[in-house]
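In this note's numbering, each residue's number is its place in the sequence shown (first place is 1) plus 1. Virtual Cβ for every residue (Gly too), placed ideally from N, Cα, C. Remarks on the structure that follows.
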Amino acid sequence: MTALSARRLLLVHAHPDDESINNGATMAKYAAEGAHVTLVTCTLGEEGEVIPPDLAHLAADRDDTLGPHRIGELAAAMAALGVEDHRFLGGPGRYRDSGMMGAPQNDHPDCFWQADVDEAAGHLVAVIRELRPQVMIAYDRNGGYGHPDHIQAHRVAMRAFELASDTGFRPDLGAPHEIAKVYWNCVPRSAVEEGFARLRAAGRESLFPGIATVDDVPGVVDDTEVTAAVDGSGYAGAKTAAMRAHASQIAVDGPFFALSNDLGQPLFVHEHYRLVRGEAAADREGDLFAEVTV
Ligand SMILES: [Zn+2]
Numbered sequence: 002m003t004a005l006s007a008r009r010l011l012l013v014h015a016h017p018d019d020e021s022i023n024n025g026a027t028m029a030k031y032a033a034e035g036a037h038v039t040l041v042t043c044t045l046g047e048e049g050e051v052i053p054p055d056l057a058h059l060a061a062d063r064d065d066t067l068g069p070h071r072i073g074e075l076a077a078a079m080a081a082l083g084v085e086d087h088r089f090l091g092g093p094g095r096y097r098d099s100g101m102m103g104a105p106q107n108d109h110p111d112c113f114w115q116a117d118v119d120e121a122a123g124h125l126v127a128v129i130r131e132l133r134p135q136v137m138i139a140y141d142r143n144g145g146y147g148h149p150d151h152i153q154a155h156r157v158a159m160r161a162f163e164l165a166s167d168t169g170f171r172p173d174l175g176a177p178h179e180i181a182k183v184y185w186n187c188v189p190r191s192a193v194e195e196g197f198a199r200l201r202a203a204g205r206e207s208l209f210p211g212i213a214t215v216d217d218v219p220g221v222v223d224d225t226e227v228t229a230a231v232d233g234s235g236y237a238g239a240k241t242a243a244m245r246a247h248a249s250q251i252a253v254d255g256p257f258f259a260l261s262n263d264l265g266q267p268l269f270v271h272e273h274y275r276l277v278r279g280e281a282a283a284d285r286e287g288d289l290f291a292e293v294t295v
């Protein structure tokens with residue numbers, strides 16, 4: 002058995018691509034600095050909308066082979082970020098993408114939205130007790146923007162945080178472990194407004210058919226709610242490459258990108274967080290491991 006790295010970071014995401022969009026620079030930075038970075042993705046993203054016309058046949062309403070394809074995209078994204086440990090909750094395909102809120106796919110018996118939270122959390126507890134991360138990154142209660150899989154990923158991550166340290170829960174999954182700090186992804190309103198101003202000034206309307214609005218960006222909060230900012234400017238190239246690897250879902254153009262709605266939005270290399278469990282080392286931490294005993 003190999004010894005654990007001193008600093009261990011766990012990220013919980015709903016679909017392949019969410020990690021690169023939200024945390025690509027953070028993941029690349031900590032991996033480059035020698036931390037053990039683990040990504041747990043809850044679904045294969047089978048219901049995603051496909052952007053490139055030559056991949057359109059993969060979609061759920063055609064061949065329904067987008068899931069396996071996105072396993073490959075995620076692997077390429079992880080290679081770009083220098084992250085070696087990426088897993089699917091309960092194994093690949095255990096939970097199916099639930100589609101957007103209100104879609105008939107929400108009722109599919111295998112979808113993540115229909116999963117029993119404690120059972121799903123058990124899979125994550127096994128990972129937590131194996132790797133013993135000091136820091137976990139998850140979504141807020143609304144999952145950033147109300148997608149059922151993001152909301153469920155929030156519930157499962159927070160339940161697993163509780164159960165992992167519970168001595169009475171599933172001793173067969175390993176010794177209890179308490180994660181020292183839990184952060185939720187967020188984006189400060191000022192950064193989003195500044196990003197859209199840059200996008201408008203660059204006249205990018207010609208490259209993407211339109212420009213998104215602040216309301217299209219998940220997890221926007223008032224600046225006062227942000228407690229940590231990771232400066233990932235040295236890893237902009239890695240983040241951009243990781244986002245490009247998710248080619249079925251993301252079109253990247255320099256410091257901007259678009260999802261399947263074709264609306265340009267800024268790509269952030271400073272990534273922001275809100276501490277919700279544990280003690281903050283400062284009003285605005287620059288290091289998620291600050292004050293953590295390693
Ligand atoms: Zn997602």
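Of the residues Phe-89, Arg-71 and Asp-62, the one whose Cα lies closest to the Cα of Thr-39 is Phe-89.
By the Cβ neighbour-count rule, Ala-76 is exposed, with fewer than 16 other Cβ atoms within 10 Å of its own. A distance criterion of 7 Å places the beta-carbon of Ala-15 in contact range of ligand 1, judged by its closest non-hydrogen atom. The closest heavy atom of ligand 1 lies less than 7 Å from the beta carbon of Asp-150. In this structure, Asp-19 has its beta carbon less than 7 Å from a heavy atom of ligand 1. Met-159 carries a helical assignment under DSSP once its states are collapsed to helix, strand and coil.
Inter-segment contact for the stretch 229-246 and the stretch 78-85 is present: three or more beta-carbon pairs are separated by less than 8 Å.
The beta carbon of Val-215 lies closer than 8 Å to those of Arg-190, Val-193, Glu-194, Phe-197 and Val-221 in the same chain, with the five residues before and after it left out.
Between the stretch 101-116 and the stretch 177-189 there are fewer than three C-beta pairs closer than 8 Å, too few to call the two in contact. Considering only Gly-265, Lys-240, Thr-225 and Gly-233, the residue with the shortest C-alpha distance to Ile-212 is Gly-265. For Ile-72, the enclosing alpha helix (DSSP H) begins and ends at 67-82.
The beta carbon of Asp-119 is closer than 7 Å to those of Arg-160 in its chain, skipping five residues each way along the sequence. By the Cβ rule, the stretch 10-23 counts as touching the stretch 135-143, because three or more pairs are nearer than 8 Å. Leu-11: member of the beta strand (DSSP E) spanning 9-14, first to last residue. Scanning Asp-217, Leu-268, Asp-224 and Asp-98 for the CA closest to the CA of Gly-238 turns up Leu-268. Remark: C-beta atoms of Glu-292 and Val-231 do not approach each other more closely than 8 Å. Look at the stretch 225-279 and you find these whole runs of alpha helix (DSSP H), each 4 residues long or longer: 237-246. Between the alpha carbons of Asp-65 and Ile-152 lies a distance of about 24 Å. The shortest CA-to-CA distance from Asp-217 to any of Asp-117, Arg-63, Thr-228 and Asp-263 is the one to Asp-263.
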